[in-house]
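Chemist: In my numbering, the protein residues as written are 1 to 133. Beta carbons: idealized from backbone N, C-alpha and C, even for Gly. Attaching a single structure in structure tokens format; questions to follow.
Structure, rendered in structure tokens:
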């Protein structure tokens, strides 16, 4: 059971950040809020191909730069709310088996689903696309 709700402000913040990243040329292959029961909280997961060769530090720097440039559009999102992953990370691969979007931003709730024996308590998906697309 999800104890901490995902607020409309957080959903809007996620959209603003993804749009900002898209404009900056850092278009994530996957972007979604995911509820982690072990921390009883949400993280905005961004899968970016540049995590592989550049490492996550450079991607986090770009995210922070984008957040600074759109700070007037963000209500409470901070860098600690964001987690960067490789596009082939297990969680991304798992969700990619059942969800596919185009390059735009959609808003799809994915709650209480089991995928290959893994329970997804709650997620809010903006984008999950094939990294080759």
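Does the region 29 to 47 come close enough to the region 85 to 102 that 3 or more CB-CB pairs lie under 8 Å?
Modeler: Short answer: they touch.
Chemist: Can you list the alpha helix (DSSP H) stretches of 4 or more residues lying completely in the region 18 to 42, in chain order?
Modeler: Listed in chain order, nothing qualifies, since the region 18 to 42 has no complete alpha helix (DSSP H) run of 4 or more residues.
Chemist: Rounded to whole angstroms, what's the CA-CA distance from residue 37 to residue 112? Just pull it up for me.
Modeler: About 12 Å.
Chemist: Report the rounded CA-to-CA distance for residue 74 versus residue 10, giving the unit in angstroms.
Modeler: Going from the Cα of residue 74 to the Cα of residue 10 covers about 9 Å.
Chemist: Roughly how many angstroms separate the alpha carbons of residue 93 and residue 100, rounded to a whole number?
Modeler: Taking the straight line from one Cα to the other gives about 11 Å.
Chemist: For the beta strand (DSSP E) holding residue 85, just list the boundary residues, first then last.
Modeler: That run of the beta strand (DSSP E) goes 82 to 85.
Chemist: With which residues is residue 108 paired in a DSSP beta bridge?
Modeler: In the DSSP output, where bridge partners are listed per residue, residue 108 has 125.
Chemist: Residue 66 and residue 14: beta carbons closer than 8 Å?
Modeler: Not closer than 8 Å, so no.
Chemist: Would you report the Cα separation of residue 127 and residue 109, rounded to the nearest angstrom?
Modeler: One C-alpha to the other measures close to 11 Å.
Chemist: How far does the alpha helix (DSSP H) with residue 59 in it extend, from its first residue to its last?
Modeler: Residues 56 to 69.
Chemist: If residue 4 sits next to residue 41, beta carbons under 8 Å apart, how far is it from one beta carbon to the other, in whole angstroms?
Modeler: At roughly 6 Å, the Cβ-Cβ gap stays under 8 Å, so residue 4 and residue 41 are in contact.
Chemist: Report buried or exposed for residue 90, applying the criterion of at least 16 other Cβ atoms within 10 angstroms of its Cβ.
Modeler: Residue 90 is exposed by the Cβ-count criterion.
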